[in-house]
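S.K.: Going line by line, the protein sequences match chains H and Y.
Counting in my numbering, the first sequence runs from 1 upward without gaps.
Counting in my numbering, the second sequence runs from 231 upward without gaps.
Protein chains: 2
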Amino acid sequence: MRPDAIAILGGTGDQGLGLALRFAKAGRPVVIGSRKLERAEAATAKVRKEIPDGDIEGFDNEDAATRAPIVILSVPFEHLVSTVKGIRDKLAEGQVVVSMGVPLATAIGDGAARTVGIWQGSCAELVQALVPAGVHVVSAFQNVSAHRLQRLAEEVECDVLVSGAKVPRERVMSLCDLVPGLRAVNGGPLANARIVEEITALLIGLNVRYKVSEGLGIRITGLPDDDARK
Amino acid sequence: MRPDAIAILGGTGDQGLGLALRFAKAGRPVVIGSRKLERAEAATAKVRKEIPDGDIEGFDNEDAATRAPIVILSVPFEHLVSTVKGIRDKLAEGQVVVSMGVPLATAIGDGAARTVGIWQGSCAELVQALVPAGVHVVSAFQNVSAHRLQRLAEEVECDVLVSGAKVPRERVMSLCDLVPGLRAVNGGPLANARIVEEITALLIGLNVRYKVSEGLGIRITGLPDDDARK
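Structure (structure tokens):
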């Protein structure tokens, strides 16, 4: 396991691929995971095409989860539980699992501007309930537009509310510095993920009403900029 | 009832008083309501002191609710139901009731950075369930800092997500133009208030973590500015 590597499970989807592109562009080793190895390899080829000198590899999810200290879950809500159940025996104490899932009602055939309620409170807390003790769950990146991530020439104008226990939260907050335009904001305890996840549904509705196909973002106003890492 | 008047029930509280100051400063007739007439009159005196030529009057809530086509509910969550039940017989068809309430867990003795669940989905939908048919409920202003509203010399840097049926929603969106720095954003159907209300709890937590006593706000990024009134 390379200490600066970042694994992205579901890295074949729009948002996971966007993060993979950005992290690879920033010079970090990126491991893309997928349920099927050949899909992970196809996504890897896409990233290599954009970033020829990028350090990027593709594996199936189980394998990918063992190859980085930070494992980002970028799978659709309906595959979240099965994905976590599929990898949890591979996770080691001290690893950080990043939940960027949102319980969009598309999972039950309803619209993407609405959510369903999760017993544990949020996708992030659901993941926390599934992983072994000693594995840290942090919530982040839910509100970041997949399309804007993929436009490498442009900044992604969005704050990232990062929630979880202090030490792993700060590790994930520092990932935001790798993507121009993203700003990490201390989102407090993991339970706050339930609010951050809902904001994504609100943004999806706004994308439709305002016909912004590349996706909107959010900023917290009034925050002392040099203070945002507290 | 004067057609350009704005009634603010609970206008004695920080946020209601802030809106009263801003609307009075913009030249609109403002009616402050309170459970007790003398408290409404005291708040009115405060506004007059800041804005000597302001058109402002104080009444008890029942009376105030009959004096403006737009009635803003700015009462703490624990008084919301009793306030609406107290005025609903006075409301007339076509009046617009603005819900700016947030179900903060302070109502049950827990913290302000958390909320309680509302059966109807949100404060706004709870209000909708209580008012007579023909009265329109619109959700707005939840995320606007009371302290920043009261600093009349400064702009309030915040977007206002306004939710509800089209025609009353647009009437409430136009109120945002009265306050420098506020920008109205079409928040879609009233049910979206459940997300907007939660954002306030998130901002309250951020105010504490970042020690921003004057209060933070939010902006939606990527929105075409000249298009925000769609």
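The beta-carbon is built from N, C-alpha and C at its ideal position, and this holds for glycine as well.
Relative to the C-alpha of Val438/Y, which candidate in Ile238/Y, Arg269/Y and Arg344/Y has its C-alpha closest?
M.R.: Selected option, being the one with the closest Cα: Arg344/Y.
S.K.: I want to verify the contact list: residues of chain Y whose CB lies under 9 Å from the CB of Glu125/H, in sequence order.
M.R.: Neighbours of Glu125/H on chain Y: none; closest Cβ ~14 Å, over 9 Å.
S.K.: What's the C-alpha gap between Leu73/H and Val98/H?
M.R.: Answer to the nearest angstrom: the Cα atoms are 6 Å apart.
S.K.: Is Thr296/Y near Ser264/Y, with beta carbons less than 7 Å apart?
M.R.: No, these two residues do not count as a Cβ contact at 7 Å.
S.K.: Strictly under 7 Å for the Cβ-Cβ distance: is Arg459/Y near chain H by that measure?
M.R.: A caution first: Arg459/Y carries a pLDDT of 47, below 50, which makes its placement in the model too unreliable to give a value.
S.K.: Assuming Leu267/Y and Gly288/Y are in contact, meaning their beta carbons sit under 8 Å apart, how far apart are those beta carbons, in whole angstroms?
M.R.: That belief holds up - the Cβ atoms of Leu267/Y and Gly288/Y are roughly 7 Å apart, short of 8 Å.
S.K.: What are the residues that DSSP puts in a beta bridge with Thr221/H?
M.R.: DSSP output for Thr221/H lists Gly447/Y as bridge partner(s).
S.K.: Below 7 Å CB to CB, which residues in the same chain sit around Lys276/Y once its five sequence neighbours on both sides are set aside?
M.R.: Once the five neighbours on either side are set aside, the close Cβ partners of Lys276/Y are Leu247.
S.K.: Between the Cα of Ile197/H and those of Pro180/H, Gly181/H, Leu161/H and Leu182/H, spot the shortest distance and give me the residue it belongs to.
M.R.: Inspection of the sequence shows that residue 197/H is occupied by Glu rather than by Ile. For the residues Pro180/H, Gly181/H, Leu161/H and Leu182/H, the minimum Cα distance to Glu197/H belongs to Leu161/H.
S.K.: Please list, in chain order, all residues of the same chain as Val102/H whose beta carbon is under 6 Å from its beta carbon, the five residues on each side excluded.
M.R.: Closer than 6 Å at the Cβ level, and outside the excluded window around Val102/H, lie Gln142, Glu197 and Thr200.
S.K.: Show which residues of chain Y have a CB atom less than 8 Å away from the CB atom of Cys158/H.
M.R.: What Cys158/H touches in chain Y: Thr451.
S.K.: Distance cutoff 7 Å, beta carbons only. Does Glu197/H sit that close to anything in chain Y?
M.R.: Chain Y, which has no Cβ nearer than 7 Å to the Cβ of Glu197/H, makes this no.
S.K.: Note down the Cα distance separating Glu308/Y from Met330/Y, rounded to an integer number of angstroms.
M.R.: Approximately 13 Å, taken between the alpha carbons.
S.K.: Verify the contact flag: Glu268/Y, CB atom, against every heavy atom of the ligand MG, threshold strictly below 6 Å.
M.R.: With respect to the ligand MG, the structure shown offers nothing to examine, as it has no ligands at all.
S.K.: Of all the residues that make up the stretch 33-52 of chain H, which are near chain Y by a beta-carbon distance shorter than 9 Å?
M.R.: Under the 9 Å Cβ criterion, the stretch 33-52 of chain H contributes no residue.
S.K.: Any idea what DSSP makes of Phe141/H, helix, strand or coil?
M.R.: Phe141/H falls in the coil class under three-state DSSP.
S.K.: Run the CB neighbour count on Met403/Y, radius 10 Å, all protein chains shown included, and call it buried at 16 or more, exposed below.
M.R.: It counts as buried.
S.K.: Residues of chain Y with CB under 9 Å from Glu170/H, in chain order?
M.R.: Those within 9 Å of Glu170/H in chain Y number zero; the least Cβ separation is about 13 Å.
S.K.: In chain order, what residues of the same chain have a beta carbon less than 6 Å from the beta carbon of Arg39/H, not counting five sequence neighbours either side?
M.R.: Within the same chain, Arg39/H has close Cβ partners Thr12.
S.K.: Since Ile56/H and Ala24/H are thought to touch, with beta carbons under 8 Å apart, how far apart are those beta carbons, to the nearest angstrom?
M.R.: That belief holds up - the Cβ atoms of Ile56/H and Ala24/H are roughly 5 Å apart, short of 8 Å.
S.K.: Return no unless some Cβ of chain H is closer than 7 Å to the Cβ of Ile434/Y.
M.R.: No, Ile434/Y does not count as interfacial toward chain H.
S.K.: DSSP three-state label for Ala183/H, please.
M.R.: Per the sequence shown, the amino acid found at residue 183/H is Arg instead of Ala. Strand at Arg183/H.
S.K.: Please check the pair Gly447/Y and Thr221/H, which I expect to be a contact at CB under 8 Å, by giving their CB distance rounded to whole angstroms.
M.R.: About 4 Å; that satisfies the 8 Å criterion.
S.K.: Between which residues of its own chain and Arg169/H is the CB-CB distance below 6 Å, once the five residues before and five after are set aside?
M.R.: Excluding positions up to five away in sequence, the list reads Val138 and Val162.
S.K.: Where does Leu239/Y sit, in a helix, a strand or coil, going by DSSP?
M.R.: The answer is strand: DSSP assigns Leu239/Y an E or B state.
S.K.: So Leu9/H and Leu149/H are in contact, right, with Cβ under 8 Å, and what is the actual spacing, rounded?
M.R.: Leu9/H to Leu149/H, Cβ: 16 Å. No contact.
S.K.: Looking at Leu182/H and Val156/H, is the spacing between their C-beta atoms short of 7 Å?
M.R.: Yes, the pair counts as a contact, with Cβ atoms nearer than the cut-off.
S.K.: Is Asn373/Y close to chain H? Criterion is C-beta to C-beta, closer than 7 Å.
M.R.: False, the Cβ-Cβ gap to chain H never drops below 7 Å.
S.K.: In three-state DSSP terms, what is Gly246/Y?
M.R.: DSSP places Gly246/Y in helix when its eight states are reduced to three.
S.K.: How long is the line joining the alpha carbons of Asp89/H and Leu130/H, rounded to whole angstroms?
M.R.: Each residue's alpha carbon lies about 10 Å from the other.
S.K.: Can you tell me whether DSSP reads Ser404/Y as helix, strand or coil?
M.R.: Reduced to three states, the DSSP call for Ser404/Y is helix.
S.K.: According to DSSP, what are the bridge partners of Leu303/Y?
M.R.: Partner(s): Leu239/Y and Ser329/Y.
S.K.: Count the other CB atoms, across all protein chains shown, that sit within 10 Å of the CB of Arg2/H; report buried if there are 16 or more and exposed otherwise.
M.R.: Exposed: under 16 other Cβ atoms inside 10 Å.
S.K.: Opposite Asp389/Y in the DSSP bridges: which residues?
M.R.: Per DSSP, Arg413/Y.
S.K.: So the beta strand (DSSP E) Ile286/Y belongs to, where does it begin and stop?
M.R.: Counting along the chain, the beta strand (DSSP E) containing Ile286/Y begins and ends at Ile286 to Asp290.
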